[in-house]
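S.K.:
2 protein chains.
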Amino acid sequence: MNNTTRNRTMLIDFYEFTMANGYFNSKLKDKTVYFDISFRKVPDEGGYAIFAGLGSMIKYIENFEFTEDDLQYLKNQNLFSDDFINYLRSFKFTGDIYCVKEGTVIFPYEPVLTVKANIVEAQLLETYLLLCFNHQSLIATKSSRIKRAAKGRVVLEMGARRAHGVSSANNGSRAAYIAGIDATSNTLADCLYGIPCSGTMAHSWVQMFDSEEEAFRKYVRTYPNNATLLVDTYDTLRSGIPNAIKVIKEELLPKNITNFAIRIDSGDLTYLSKEARKMLDEAGLTMCKIVVSNALDEYLIEALLNQGAPIDVFGVGERLVTAKSNPVLGGVYKLCAMENEDEITPKIKISDNPVKITIPHFKKLYRIYDKKTHKAKADLITIFDEKIDESKPLTIFDPEYTWKTQTFKEYIIKDIRETIYKDGKLVYKLPSLDQIREHTKKELSYLWDEVLRFDNPHKYYVDLSEKLWQTKLNLIKKMKKSL
Amino acid sequence: MNNTTRNRTMLIDFYEFTMANGYFNSKLKDKTVYFDISFRKVPDEGGYAIFAGLGSMIKYIENFEFTEDDLQYLKNQNLFSDDFINYLRSFKFTGDIYCVKEGTVIFPYEPVLTVKANIVEAQLLETYLLLCFNHQSLIATKSSRIKRAAKGRVVLEMGARRAHGVSSANNGSRAAYIAGIDATSNTLADCLYGIPCSGTMAHSWVQMFDSEEEAFRKYVRTYPNNATLLVDTYDTLRSGIPNAIKVIKEELLPKNITNFAIRIDSGDLTYLSKEARKMLDEAGLTMCKIVVSNALDEYLIEALLNQGAPIDVFGVGERLVTAKSNPVLGGVYKLCAMENEDEITPKIKISDNPVKITIPHFKKLYRIYDKKTHKAKADLITIFDEKIDESKPLTIFDPEYTWKTQTFKEYIIKDIRETIYKDGKLVYKLPSLDQIREHTKKELSYLWDEVLRFDNPHKYYVDLSEKLWQTKLNLIKKMKKSL
Chain A
263 MNNTTRNRTM
273 LIDFYEFTMA
283 NGYFNSKLKD
293 KTVYFDISFR
303 KVPDEGGYAI
313 FAGLGSMIKY
323 IENFEFTEDD
333 LQYLKNQNLF
343 SDDFINYLRS
353 FKFTGDIYCV
363 KEGTVIFPYE
373 PVLTVKANIV
383 EAQLLETYLL
393 LCFNHQSLIA
403 TKSSRIKRAA
413 KGRVVLEMGA
423 RRAHGVSSAN
433 NGSRAAYIAG
443 IDATSNTLAD
453 CLYGIPCSGT
463 MAHSWVQMFD
473 SEEEAFRKYV
483 RTYPNNATLL
493 VDTYDTLRSG
503 IPNAIKVIKE
513 ELLPKNITNF
523 AIRIDSGDLT
533 YLSKEARKML
543 DEAGLTMCKI
553 VVSNALDEYL
563 IEALLNQGAP
573 IDVFGVGERL
583 VTAKSNPVLG
593 GVYKLCAMEN
603 EDEITPKIKI
613 SDNPVKITIP
623 HFKKLYRIYD
633 KKTHKAKADL
643 ITIFDEKIDE
653 SKPLTIFDPE
663 YTWKTQTFKE
673 YIIKDIRETI
683 YKDGKLVYKL
693 PSLDQIREHT
703 KKELSYLWDE
713 VLRFDNPHKY
723 YVDLSEKLWQ
733 TKLNLIKKMK
743 KSL
Chain B
263 MNNTTRNRTM
273 LIDFYEFTMA
283 NGYFNSKLKD
293 KTVYFDISFR
303 KVPDEGGYAI
313 FAGLGSMIKY
323 IENFEFTEDD
333 LQYLKNQNLF
343 SDDFINYLRS
353 FKFTGDIYCV
363 KEGTVIFPYE
373 PVLTVKANIV
383 EAQLLETYLL
393 LCFNHQSLIA
403 TKSSRIKRAA
413 KGRVVLEMGA
423 RRAHGVSSAN
433 NGSRAAYIAG
443 IDATSNTLAD
453 CLYGIPCSGT
463 MAHSWVQMFD
473 SEEEAFRKYV
483 RTYPNNATLL
493 VDTYDTLRSG
503 IPNAIKVIKE
513 ELLPKNITNF
523 AIRIDSGDLT
533 YLSKEARKML
543 DEAGLTMCKI
553 VVSNALDEYL
563 IEALLNQGAP
573 IDVFGVGERL
583 VTAKSNPVLG
593 GVYKLCAMEN
603 EDEITPKIKI
613 SDNPVKITIP
623 HFKKLYRIYD
633 KKTHKAKADL
643 ITIFDEKIDE
653 SKPLTIFDPE
663 YTWKTQTFKE
673 YIIKDIRETI
683 YKDGKLVYKL
693 PSLDQIREHT
703 KKELSYLWDE
713 VLRFDNPHKY
723 YVDLSEKLWQ
733 TKLNLIKKMK
743 KSL
């Protein structure tokens, strides 16, 4: 079986099948349930995360189909009823999905996405939806940090060779672009998603010619516009930069070309970039840009800029595409409610570890903005049918320290989730990638600097409505009493 | 364009195209070159890595083909000659590839894989070969550590939901299985590769029923053989385990079923597993296995076992599938030689950072075993045409501290690389996954415990032949003199 073309439908944890078959063959079969996707902790001790992955989720659901091979495989397990296998043969998602838009800023414990469906359908979607959410939001979040560290400078994503497989590379490029990264080295990502793609030379190019000078000369003659000469194959300051200057002056300046750069890929990037800048400027090449690469991330970029390194472009690879410092987002998919004769019954999962206690019920997710500054002040999670009267002051309280309250008078409140599926029909039109990227940019502009900073960021408020908080408390009490 | 079905050929860093077109339109076009894949550092400060990824590389090369869409894309860049694009239209790999077998133990600086081909072909394969090597060897290496920490106990891989995309999940499951992990939760990995797949229930199953007891009862009635009851949805010791015991005694023991388990997914796993064991044993369920999960890795497994936690099965997810503690292997693809009129000229890349200086020349990779113990003593890298006379003592020396020598008298020496491609033809038959797994097991048995240990492992010797060492030194000197 060819991995490249095989349908992805079976990327389902086996226990989803055992559970789904169990439900299917019980009285629970047609039970409508609600599952939330949420996460518990922002990676890298950061103040915010960025949601990505909805595009892949939609693609999965639209192409969700069990082949006869898949069904035969399941049959061979001797665990599942024929009725269940026949049901899978004509499986069609018939539920609703509510989700924030890609590029939206999200915070721990929020119901980023809710699936409302019969229990069999809802259970079967778990693995893939989580995979998309966890991976792509992780990379978007990491990329946003890296781009912000560069303080407006260009950042290129070049991590394909260190990615965790093909989809890690492709969806990694896409998530990075959503978060503001400027271009990718991965040509396939451009073919698939239209992400600007760039690249010029590796060390092998320089090694292939009899001399570094010849290698540079040959390159700029082939690609006179937009050449980036890699200067560290032999010796950056004694060979690479002098050769680059010579070739640029002889080959490009006479043609009035002013768009070129050098790239430094090893050594002390602060020292080398400062020396390079001096040498280039003294040669009259003030327009020559300096690109650096070599295991960079937001911390190193921040340090380089703090030291005054005159860098124009950062090439970032392995630490972005794997989110190296914290490669797990940890999103979960939890049952929060079920319908009983048209009434929605909230459901909870208790844990000795309070952070693992779920927020019960079918909910809505609101963001509260200051009417004057348009800055986001807090998020409010309510039960789905609560009404908020914007003309009246709104008091919210911390779900953990309930005496911590805030009252908003001049505010705008917005339900930040969209209806993606309604009765199994895709009713949402995915924006273009550039629109998503634009949305991210806007989202970040709504946050206070205190939430955005890397070290010890201010904890953004995510509060529960009093009714929801009370519902949760009652369920915990009831559960504890019954033990 | 559908991400699921799109050909992967274009997963090529854009600079490979600019370089390839540059070579193609120069006198270098038909130049035969040699590129090595190697890595510089074992992740997690470990003593060895395990090679994986060859299966995916072969699949890629066998299916390597530019579609008309791809060619049109390249044409639209206005950078590449028509001749080059026409050449790509009928691209066929015509070179040789030498590589260690999947599952082989590998060490830093070794030429794990060598591509001999014309420069255009060799350059275009770089990104994908590195991606396969870096990802799959990383996960195999991590998985080997985790499996060894479990000291013979069963380890299940259940990381799909936290994987970095589809191929991270599928190839992650495969790499884990190669390294000795016993089964996966990912059904697609079983469909694709035949990896044993398992799974029983999530918290949602327990939440769906009116009581935990009912949930357990319903489950074991549906799946009487091999049920694993998840006991921490409400309260492990006060509710989960008592309910599990009750249901097992009432439903399974009367049917003479003795194959069942409980799973604990939160809380203090040492304390809970000890208490669980006591409760189960007191109820006469000594045969009931205890499964634990919750962000486990080799360090936590080792700690649990050191504390005497009576655990039979470890479920390992995010920390395996992302290699969380060190998610980058860092393999590189470096030009090491080129042919000039039938002579092979060694090539080097210098760096201020000695670890980034490459080992020049077309090489062979030997492993030296003790004739009596069959333990691997050292690896020896030589120039491709050096002869070693096994009947004579062999003295090797440390390439860094050359006064450190070792002489072997009773030894077996083995070229550990296979010819995978010869003149573009695949001449290697990939072993079955179980054969690869068996090979890994054997490979580990050749290593001394001192190399295998987690903390401060003994550094396995990887030495250069004198001729190769001299070649490298001469090239460095020559290069430095020319600056």
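Residue numbers (the numbering used here), protein chains in the order written: chain A, 263 to 745; chain B, 263 to 745.
Just so it is clear, CB atoms sit at the ideal spot from N, CA and C, and this is done for glycine as well.
1) Nearest to B/E712 by CA position, among B/V554, B/P622, B/G308, is which residue?
2) Establish whether the CB of B/C361 and some CB of chain A are separated by less than 9 Å.
3) Between the Cα of A/I606 and those of A/V583, A/V590, A/F646, spot the shortest distance and give me the residue it belongs to.
4) Taking 8 Å as the threshold, find out whether the region 377-385 of chain A comes into contact with the region 394-405 of chain A through three or more Cβ pairs.
5) Any C-beta of chain A sitting closer than 9 Å to the C-beta of B/Y371?
6) Which word fits A/L492, buried or exposed, when buried means at least 16 other C-beta atoms lie within 10 angstroms of its C-beta?
7) Give me, in chain order, the residues of the same chain whose beta-carbon lies closer than 6 Å to that of B/V783; leave out the 5 immediate sequence neighbours on both sides.
8) Which residues, taken in chain order from the region 542-558 of chain A, show a beta carbon closer than 9 Å to some beta carbon of chain B?
9) Are any of the Cβ atoms in chain A nearer than 9 Å to that of B/D292?
10) Kindly confirm or deny that the region 480-488 of chain A and the region 441-459 of chain A touch, where touching means at least three C-beta pairs closer than 8 Å.
11) List, in order along the chain, the chain B residues whose C-beta lies closer than 8 Å to that of A/D332?
12) Can you tell me the Cα-Cα spacing of A/N556 and A/F576, whole angstroms?
13) Here's a check: name, in chain order, each residue in its chain whose Cβ is nearer than 7 Å to the Cβ of B/V417, leaving out the five neighbours to either side.
14) Per DSSP, which residues does A/N380 bridge with? Please list them.
15) On the three-state DSSP scale, how would you describe B/L531?
16) With 9 Å as the threshold, decide whether the Cβ of B/S300 is near any Cβ in chain A.
17) Are the beta-carbon atoms of B/S775 and A/N568 separated by less than 9 Å?
18) Helix, strand or coil for A/N254 per DSSP?
19) Of all the residues that make up the region 563-585 of chain B, which are near chain A by a beta-carbon distance shorter than 7 Å?
20) Grouping DSSP H, G and I as helix and E and B as strand, with all else coil, what is A/E544?
21) Counting only the same chain and skipping the five closest in sequence on each side, list residues whose C-beta sits under 8 Å from that of B/N264.
22) Are any of the Cβ atoms in chain A nearer than 9 Å to that of B/W710?
23) Give a yes or no on whether the minimum CB-CB distance between A/T356 and chain E is below 9 Å.
24) May I ask you to report which of helix, strand or coil DSSP gives A/N264?
25) Could you pull out every unbroken beta strand (DSSP E) segment of at least 3 residues lying fully inside the region 648-679 of chain B, listed in chain order?
26) Of all Cβ atoms in chain A, is any one closer than 9 Å to the Cβ of B/P719?
27) Take A/Y472 as the anchor and find which of B/K289, B/K721, B/E513 has the nearest alpha-carbon.
28) Could you tell me the distance, in whole angstroms, from the CA atom of B/K540 to the CA atom of B/P719?
29) What are the boundary residues of the beta strand (DSSP E) that B/C361 is part of?
30) Give the residues of chain B in contact with A/F353, contact being defined as C-beta atoms less than 9 Å apart.
31) Looking at chain B, is there any beta carbon in it that lies within less than 9 Å of the beta carbon of A/Y481?
32) Using a threshold of 8 Å, is the CB atom of B/D472 nearer than that to any non-hydrogen atom of the ligand NAD?
33) Contact criterion: CB-CB distance below 9 Å. Does A/D497 meet it with respect to chain B?
34) Nearest to A/P608 by CA position, among B/M470, B/N338, B/I552, is which residue?
35) Any beta carbon from chain A within less than 9 Å of B/Y561's own beta carbon?
36) Taking only beta-carbon atoms, is A/T657 less than 9 Å away from chain B?
M.R.: So, from the data block:
1) Here residue 712 of chain B is taken as the residue at index 450 of the second sequence, counted from 1. Among B/V554, B/P622, B/G308, the Cα nearest to that of B/E712 is on B/G308.
2) In the second sequence, the residue the question calls residue 361 of chain B occupies position 99. No, no contact with chain A.
3) Counted from its first residue, the first sequence places residue 606 of chain A at position 344. Selected option, being the one with the closest Cα: A/F646.
4) no
5) Reading the second sequence from its first residue, position 109 is the one you call residue 371 of chain B. B/Y371 does not count as touching chain A.
6) Along the first sequence, read from residue 1 onward, the residue named residue 492 of chain A stands at position 230. That one is buried.
7) The question about residue 783 of chain B has no answer here: the residues shown for chain B are numbered 263 through 745.
8) A557
9) As a first step, residue 292 of chain B is located in the second sequence; it is residue number 30 there, counting from the start. No, B/D292 lies away from the interface with chain A (no Cβ there is under 9 Å from its Cβ).
10) no
11) As a position in the first sequence, residue 332 of chain A is number 70, starting the count at 1. Near A/D332 (Cβ distances below 8 Å), the residues of chain B are C453.
12) The residue given as residue 556 of chain A occupies position 294 in the first sequence. The residue given as residue 576 of chain A occupies position 314 in the first sequence. Approximately 9 Å between the Cα atoms of the pair.
13) Stepping through the second sequence from its first residue, residue 417 of chain B is reached at position 155. Within the same chain, B/V417 has close Cβ partners I408, K409, I443, D444, F576, V578.
14) Taking the first residue of the first sequence as position 1, residue 380 of chain A is located at position 118. According to DSSP, which records beta bridges pairwise, A/N380 is partnered with A/T294.
15) Looking up residue 531 of chain B in the second sequence gives position 269. B/L531: helix per DSSP, three-state reduction.
16) The residue given as residue 300 of chain B occupies position 38 in the second sequence. Judged by the 9 Å Cβ criterion, B/S300 is not in contact with chain A.
17) No answer is possible for residue 775 of chain B: the residues shown for chain B start at 263 and end at 745.
18) As displayed, chain A neither begins before 263 nor continues past 745, which places residue 254 of chain A out of reach and without an answer.
19) E580, T584
20) Locating residue 544 of chain A in the first sequence gives position 282, where the first residue counts as 1. Of the three classes helix, strand and coil, the one that applies to A/E544 here is helix, per DSSP.
21) Walking along the second sequence from the start, residue 264 of chain B turns up at place 2. Legend: pLDDT at B/N264 = 40, less than 50; position of this residue unreliable, value from coordinates given subsequently. Around B/N264: no qualifying Cβ.
22) Position 448 of the second sequence, counting from 1, holds the residue named residue 710 of chain B. So no, B/W710 is outside the interface.
23) Of the protein chains in this structure, namely A and B, none is chain E.
24) As a first step, residue 264 of chain A is located in the first sequence; it is residue number 2 there, counting from the start. In this prediction, A/N264 has a pLDDT of 40, which is less than 50 and means its spatial position is unreliable; nothing more can be read from the coordinates.
25) 656-659, 667-670, 673-677
26) Numbered from its first residue, the second sequence carries residue 719 of chain B at position 457. Cβ-Cβ to chain A under 9 Å: no for B/P719.
27) As a position in the first sequence, residue 472 of chain A is number 210, starting the count at 1. For the record, residue 472 of chain A in the displayed sequence is Asp; it is not Tyr. Of B/K289, B/K721, B/E513, the residue nearest in Cα terms is B/K289.
28) Here residue 540 of chain B refers to the residue found at position 278 of the second sequence. Here residue 719 of chain B refers to the residue found at position 457 of the second sequence. About 37 Å.
29) Sequence index remark: in the second sequence, residue 361 of chain B carries index 99 (1-based). Element bounds for B/C361: 358-362.
30) Counting from 1 along the first sequence, the entry for residue 353 of chain A is found at position 91. Under the 9 Å cutoff, chain B gives no residues; its nearest Cβ is about 14 Å from A/F353.
31) What you label residue 481 of chain A is simply residue 219 of the first sequence in a count that begins at 1. By this cut-off, A/Y481 is an interface position.
32) Of the ligands one can find in the structure shown there are none, so the ligand NAD has no counterpart to examine.
33) Here residue 497 of chain A corresponds to residue number 235 of the first sequence, with the count starting at 1. At least one chain B Cβ lies under 9 Å of A/D497.
34) What you label residue 608 of chain A is simply residue 346 of the first sequence in a count that begins at 1. With distances taken between Cα atoms, A/P608 lies closest to B/M470.
35) The residue labelled residue 561 of chain B in the question sits at position 299 within the second sequence. Not an interface residue.
36) Along the first sequence, one-based indexing puts residue 657 of chain A at 395. For A/T657, the answer is no, since every Cβ of chain B falls outside 9 Å of its Cβ.
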